[in-house]
Structure formats: C-alpha cells, structure tokens
Amino acid sequence: MNFAVEIRTKLLAPVDRKGVREGVRTMAPAGIAIAAWGLVTGVAMVKGGLSVTMALIMTVAVFAGSAQLAVLPLLVSGAPLPIVWATALLVNLRFVIFAAAMRGYFVSMPWKQRLLASYFNGDVGFALFVRRFSDDPERGTPFQLGFFYGAAAVNWVSWQVSSIAGILLAGLAPTDWGLELAAVLALVAVLVPMVRRLPAIMGVVVTGVLSVALVHLPLKLGLVISVLAGVTVAVVLEPADGPAVPEADAESMT
Amino acid sequence: MNATTNAGYMAVAIVGLALTTIATRASFFMLPSSVNLPARVERALRYAPACALTAIVVPGVLTRHGSLYISVHNYQMWAVLIAAGVFYRTRNMMVMMAVGMAAFTVLRLYA
C-alpha cells in the first residue's frame, strides 16, 4: 500500500476529484469508438504477421494507433528500419503541436510527472481538454489536471483492453473478411478530419499522386519523397495568418 | 516475411517506434519554457501527419504488385471511397467502418 501511495505522489500531480470525474464522464462516449479502433489495430497487427508477444509489447510500448497501423505494411514487407521509424515519426509529429499547446497546464510539475502525463496525451484527450479549458484564465489547476488524468485513464484502458483482446482473438477471425481493409479504414478516419482547407487538400493530393508514381523506388524512398513534396506544397499555400493551434477534432481517434 | 522468424528486427523496430511516441508527446513538456515552437516549423508539422498517412493509404489501395490498379474490380478502392464519403458526412467511425466493410463484402461476393 505504501508503495502504491509513493508511486501516486511521485508520478501523478495532486488533483481535484471532481475534475477526475468530469474527465471520465467527458471521455466515456469516445471510449467505445476508441475501443473499436483498438480492436481493429490489435487484429491487424497479428494478421499482418507480428507474433502475439511482439504485438502485445507494441501496443503497450508504442501506444499510438495511427503510427502502429501506418508502419504495419512496412514492417510486414521488411522495410528498412529508418523508413519505418521516419514514417511513425511523421505520423506522430502532431503530438509535438499538442505538447506545445498544452505545456502551460503542466509546466509547474516535476519532470517525472510531466513525462508520464505526456505519454497519455493522445488525440481525443487533447481535443476535449483544449475545448474545455482554453478559455480558463488560470492554467494547471488541480481541477484541470484531474480532468486530464480522468480522460487519459478512460482512453488508455479502452485502448489497451480492446487492443489486447484483438491481438488474442485475431487467430479466430477468417483471413478473407478483408480485415486489412478495416485497418485502412481506421487510418482514413484519422486522415479525413485533417484535410479541411486548401493547403492540406493540395498537400495530400500531391503526396497521393507522387506516392503511387514513385512506388517502384527502392527502400520505400517514394514514401519519403512524396511526403516531403506534399508538406512543402501545403506550407507554400498556407496563408501566414493561419490558426495557431490545429483545429482539434474529438471524433478523430488515437 | 515471416515476422516470427525475425524477432530481432521486430524488437528493434518496436523500440524505435516507442521512442518516436515518447519523443513527440514529451517534446515541449520537457523543453525549457524559453524554447518555443516557431510558427514556420509548426505549419510544416501540421501537414506532415496527413501527408504521411496518405503516402501509406493511397499506394496500398491503388496499386497491386507494384503497378497502378484503378479498376471497377478494385473493390478495396470502392469500399474506401464510399467509407471516406460516409465519414466526411457523419464523422462517425463505427458507421463508416460498418459501411466500408459491408460495401467490400457485397462487391466481393456479388459484383
């Protein structure tokens, strides 16, 4: 018991219980969709050829559904590791923006607490938190932190339970149901809300055309080149007075 | 590739993947407050995830054995297009997945 208390006080900031409850309540409706997404990711990892052990380690250690699904075809084809990591990094770069937007609420914490909190800062939690607190004059209150941990707990549990279930049950699903399609659809669900304005649309179109045209290049270099070209086009088209924080979308997943 | 026989490759891959999550999520939480995200850099960061996902999804759906495969028989392509349209309208992931999988199954069995 003392050990548990010590861990809690060292790794978690002091919180207001009402905040925790509101965080849990606010996140709960999204929990079902997160669980569906986790299930698809779990099944897809094993169907893609990862061993059950590797898939379990991956879901807990990586904890980033979009990146996991995006690198899956690369891992299955034995792509060079720098390409695998670069792809995950590109997909995860949105978390850098989240961290920059959220740091004000966590800045007074000791570094261990900050590091643990950052691990939990996924898409849906970020979106709900910013929507709820961006107008608060004070940042880093026990109520806000409680909300963050409450929402994060729902997110983490729904994701991990469903993902682990998917990994363990994958063997029971027949291969010809088009489950790789479910993995593609899960990525489309993340992609669609990101593509709203002209710069993003043009960037995605350029990337899409180039990625198909360059599919023959060795070492998956076509992927890297098409992404760099797409991002360049989008940045060039972006008006200088764009919004400071990306529009958060609570419906898009992990 | 049989992944179970390449446990070493997978293990190293997973370590690197976990580091990309931690590094990006922790980034500005751990940096000193004096370090800020320049607007120019932020703009580039904003578009990278969408482009990276596109570079994975589009060739996966529109190519087969390394060549372009746009055809009435590419059922996966039609299912993805239908599902994307449904998601654009409803923003409901469960509905779009159900519609996409159903469209694929119907096309595969009856088209």
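Residue numbers (our numbering), protein chains in the order written: chain A, 1 to 254; chain B, 1001 to 1111. Ideal Cβ placement from N, Cα and C applies to all residues, glycine included. Please read these numbers as outputs of a predicted model, since none were measured by experiment.
Assigned exposure category for residue i - 16 Cβ within 10 Å defines buried
i	result
residue 1021 of chain B	buried
residue 47 of chain A	buried
residue 1104 of chain B	buried
residue 9 of chain A	exposed
residue 112 of chain A	exposed
residue 126 of chain A	buried
residue 63 of chain A	buried
residue 11 of chain A	exposed
residue 2 of chain A	exposed
residue 1114 of chain B	The question about residue 1114 of chain B has no answer, for chain B in this structure spans 1001 to 1111.
residue 33 of chain A	buried
residue 167 of chain A	buried
residue 1050 of chain B	buried
residue 134 of chain A	exposed
residue 122 of chain A	buried
residue 1003 of chain B	Low confidence applies to residue 1003 of chain B: its pLDDT is 45, below 50, so where it sits in the model is not reliable, and the reading given next is rough at best. Its Cβ being crowded by 16 or more others within 10 Å, residue 1003 of chain B is buried.
residue 1024 of chain B	buried
residue 1014 of chain B	buried
residue 73 of chain A	buried
residue 1071 of chain B	exposed
residue 1088 of chain B	exposed
residue 1080 of chain B	buried
residue 169 of chain A	exposed
residue 1106 of chain B	exposed
residue 104 of chain A	exposed
residue 1054 of chain B	buried
residue 1005 of chain B	At residue 1005 of chain B, the pLDDT of 48 sits below 50, so the modelled position is not reliable; the number obtained from the coordinates is stated separately. Burial call: exposed.
residue 70 of chain A	buried
Endpoints, the alpha helix (DSSP H) within which residue i is located
i	result
residue 1096 of chain B	1093-1110
residue 131 of chain A	123-133
residue 6 of chain A	2-11
residue 118 of chain A	111-119
residue 41 of chain A	17-47
residue 155 of chain A	142-169
residue 258 of chain A	Since the first residue shown for chain A is 1 and the last is 254, residue 258 of chain A is missing from the structure and cannot be characterised.
Residue i in three-state terms, based on DSSP
i	result
residue 63 of chain A	coil
residue 74 of chain A	helix
residue 107 of chain A	coil
residue 1016 of chain B	helix
residue 1004 of chain B	Confidence in residue 1004 of chain B is poor, its pLDDT being 48 and thus under 50, which makes the residue's placement unreliable; the coordinate value appears in the next sentence. Three-state result, residue 1004 of chain B: helix.
residue 173 of chain A	coil
residue 138 of chain A	coil
residue 50 of chain A	coil
residue 1010 of chain B	helix
residue 253 of chain A	Summary for residue 253 of chain A: the model assigns pLDDT 44, below 50, so the residue's position carries little reliability; its value from the coordinates is reported in the next sentence. Residue 253 of chain A falls in the coil class under three-state DSSP.
Closer than 8 angstroms to chain C by CB, residue i
i	result
residue 90 of chain A	Of the chains in the structure shown, none is chain C; the protein chains are A and B.
Residue i CB to nearest heavy atom of the ligand FAD below 7 angstroms
i	result
residue 187 of chain A	Ligands in the displayed structure: none, and consequently the ligand FAD is not present.
Would you say the segment 1074-1086 of chain B touches the segment 203-218 of chain A, given that touching needs at least three Cβ pairs under 8 angstroms? no
Just to confirm the assignment: which complete alpha helix (DSSP H) runs, minimum length 4, are found wholly within the segment 191-251 of chain A? 198-213 and 221-237
Ignoring anything shorter than 4 residues or poking outside the segment 1022-1107 of chain B, list the alpha helix (DSSP H) runs there in chain order. 1039-1062 and 1075-1090
Using 8 angstroms as the Cβ pair cut-off and three pairs as the minimum, do the segment 77-86 of chain A and the segment 1031-1039 of chain B touch? no
Touching or not, the segment 185-203 of chain A and the segment 1078-1089 of chain B, by the rule of three or more beta carbon pairs under 8 angstroms? yes
Decide if the segment 15-31 of chain A is in contact with the segment 143-153 of chain A; the criterion is three or more beta carbon pairs, one per stretch, under 8 angstroms apart. yes
Decide if the segment 58-73 of chain A is in contact with the segment 196-204 of chain A; the criterion is three or more beta carbon pairs, one per stretch, under 8 angstroms apart. no
Quick test of the definition: if touching needs 3 or more C-beta pairs under 8 angstroms, does the segment 81-95 of chain A touch the segment 48-55 of chain A? no
Between the segment 1088-1103 of chain B and the segment 215-234 of chain A, are three or more C-beta pairs nearer than 8 angstroms? no
Assess, as a yes-or-no matter, whether the segment 36-44 of chain A is touched by the segment 176-188 of chain A under the definition of 3 or more beta carbon pairs within less than 8 angstroms. yes
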